[in-house]
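2 protein chains.
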Amino acid sequence: MRRNTRQRDAVASALAQIPGFVSAQTLHGQLKAQGDTLGLATVYRTLASLVDDDRADILTSPDGENLYRACTTSRHHHHLICRTCGMTVEIEADAVEQWAQSLASEHGFTGAHHVVDVFGDCAACSAQPRA
Amino acid sequence: MRRNTRQRDAVASALAQIPGFVSAQTLHGQLKAQGDTLGLATVYRTLASLVDDDRADILTSPDGENLYRACTTSRHHHHLICRTCGMTVEIEADAVEQWAQSLASEHGFTGAHHVVDVFGDCAACSAQPRA
DNA sequence: TGTCTTATTGAGAATCATTGTCAATATGCC
DNA sequence: GGCATATTGACAATGATTCTCAATAAGACA
Ligand SMILES: [Zn+2]
Ligand SMILES: [Zn+2]
Ligand SMILES: [Zn+2]
Ligand SMILES: [Zn+2]
Chain G
769 MRRNTRQRDA VASALAQIPG FVSAQTLHGQ LKAQGDTLGL ATVYRTLASL VDDDRADILT
829 SPDGENLYRA CTTSRHHHHL ICRTCGMTVE IEADAVEQWA QSLASEHGFT GAHHVVDVFG
889 DCAACSAQPR A
Chain A
769 MRRNTRQRDA VASALAQIPG FVSAQTLHGQ LKAQGDTLGL ATVYRTLASL VDDDRADILT
829 SPDGENLYRA CTTSRHHHHL ICRTCGMTVE IEADAVEQWA QSLASEHGFT GAHHVVDVFG
889 DCAACSAQPR A
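Line order of the protein sequences matches chains G and A. Sequential numbering of the first sequence, starting at 769, is according to the working numbering. Sequential numbering of the second sequence, starting at 769, is according to the working numbering.
In structure tokens form, the structure reads like this:
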């Protein structure tokens with residue numbers, strides 16, 4: 769049974785207030801900065817459980833860090849991510865799901881998962897001069 | 769200037785003989801097993817330079833490891849990867865390319881790149897009992 | 001409300017891929 | 001051959017993530 773704890777709420781609500789993806793480390797830092805005291809390991813565990821419950825998204829940044837984001841929907845979806853400001857658009861694309869599914873089965877693969885993310889510069893960031 | 773060394777050749781040819789993606793660690797292990805002596809750091813550096821020269825592909829596995837593969841084509845493509853044995857199928861899917869492209873432009877994104885990889889267990893590995 | 005079971009926490013150690021250090025070595029150009 | 005320097009390798013260092021395990025607290029139940 770999953771118990772409700774102060775820490776779990778703190779992590780979930782902190783995550784919900786952040787517009788883009790954050791790392792566990794950063795989230796932990798922000799929580800501590802605002803007075804919440806909780807262990808880093810707890811943040812990792814809580815984020816993992818949120819992902820497990822489809823209440824958060826996870827993705828690996830180009831430099832190998834795991835980033836998390838509160839899900840607005842629990843349905844499977846993909847992302848369009850601004851590599852400059854981190855702004856994220858959630859994407860649902862049945863065509864891609866079906867493509868991935870049939871691709872895997874055509875080649876005899878089972879238990880297929882897929883990673884489909886699009887990175888670019890959003891309209892706002894495209895208009896800015898280089899950072 | 770880039771110099772040709774025994775180690776670079778060893779890494780490049782070892783990589784070329786492997787059908788799928790391998791980690792730097794694994795490749796280093798195989799090289800040592802076949803008698804080549806070279807440092808792990810050298811394998812990392814050489815693989816990075818191969819990627820830099822577009823002579824190798826790199827991707828990050830679901831568990832955060834960097835995997836490398838000798839490029840057979842310089843054309844843009846995706847992969848269907850066995851998470852057990854690393855066997856890889858190269859995929860070209862214009863539909864996905866167009867989808868990603870139009871998705872990005874619909875949302876005002878510029879300079880879009882995408883990550884599209886499918887992981888699963890290949891037919892051979894699916895037939896095996898659990899490792 | 002009090003008790004009990006056990007999920008959860010937290011501080012720090014441990015893991016593990018990857019990168020940095022730097023003296024020793026080897027390559028390409030003359 | 002000789003030189004400048006790119007490269008190597010053994011090892012330390014980094015850094016994110018996970019593990020350990022005793023202490024704590026959530027929730028069920030009486
Ligand atoms: Zn942006
Ligand atoms: Zn999908
Ligand atoms: Zn396989
Ligand atoms: Zn593509």
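Glycine included, every Cβ here is placed at the ideal spot set by N, Cα and C.
Straight-line gap, residue i to residue j (C-alpha atoms, nearest Å)
| i | j | result |
| --- | --- | --- |
| A/S829 | G/K800 | 32 angstroms |
| A/L815 | A/L848 | 21 angstroms |
| A/T878 | G/V857 | 14 angstroms |
| G/I859 | A/A868 | 11 angstroms |
| A/R837 | A/V790 | 7 angstroms |
| G/A899 | G/R771 | For G/A899, the predicted model reports a pLDDT of 38, less than 50, meaning its position is unreliable and no value from the coordinates is stated. |
| A/I826 | A/L795 | 14 angstroms |
| G/V819 | A/T773 | 46 angstroms |
| G/G803 | A/E865 | 46 angstroms |
| A/L806 | G/L808 | 38 angstroms |
| G/D831 | G/G876 | 32 angstroms |
| A/L835 | G/V884 | 18 angstroms |
| A/A863 | A/C853 | 28 angstroms |
| A/I786 | A/T810 | 19 angstroms |
| G/A861 | A/A861 | 15 angstroms |
| G/E833 | G/A895 | 28 angstroms |
| A/S817 | G/M769 | 50 angstroms |
Classification of residue i by the beta-carbon crowding that lies within 10 angstroms, buried from 16 upward
| i | result |
| --- | --- |
| A/M855 | buried |
| A/A792 | buried |
| A/A778 | buried |
| A/H846 | buried |
is_contact[residue i, chain G] using C-beta, thresh 9 angstroms
| i | result |
| --- | --- |
| A/F887 | yes |
| A/V883 | yes |
| A/T805 | no |
| A/G797 | no |
| A/V864 | yes |
| A/C850 | yes |
| A/G832 | yes |
| A/T814 | no |
| A/T773 | no |
| A/L783 | no |
| A/A861 | yes |
| A/V857 | yes |
| A/C853 | no |
beta-carbon residue i near ligand 6 non-hydrogen atom, thresh 8 angstroms
| i | result |
| --- | --- |
| G/H882 | Judged by which ligands are present, ligand 6 is missing from the structure shown, whose ligands are ligand 1, ligand 2, ligand 3 and ligand 4. |
Candidates the options, of which the one nearest residue i by Cα
| i | options | result |
| --- | --- | --- |
| G/Y812 | G/R770, G/T840 and G/R776 | G/R776 |
| G/F788 | G/S894, G/A824 and G/H844 | The sequence given here places Gly at residue 788 of chain G; Phe does not occur at that position. For the residues G/S894, G/A824 and G/H844, the minimum Cα distance to G/G788 belongs to G/A824. |
| G/D822 | G/T840, G/G807, G/L835 and G/T805 | G/T840 |
| G/H881 | G/A892, G/R851 and G/H844 | G/H844 |
| G/C893 | G/A861, G/G803, G/G876 and G/C850 | G/C850 |
CB contact below 9 angstroms: residue i versus chain A
| i | result |
| --- | --- |
| G/H875 | yes |
| G/R898 | Here G/R898 scores only 43 on pLDDT, less than 50, and its place in the model is too uncertain to base an answer on. |
| G/V819 | no |
| G/S791 | no |
| G/G879 | yes |
| G/T828 | yes |
| G/A809 | no |
>> Counting beta carbon pairs with one atom in the region 866 to 873 of chain A and one in the region 882 to 897 of chain G, are three or more of them shorter than 8 angstroms?
In response: Yes, the region 882 to 897 of chain G touches the region 866 to 873 of chain A.
>> When you compare the region 799 to 819 of chain G with the region 771 to 788 of chain G, are there three or more beta-carbon pairs, one atom per stretch, that lie closer than 8 angstroms?
In response: In short, these stretches touch, since the Cβ pair count reaches three.
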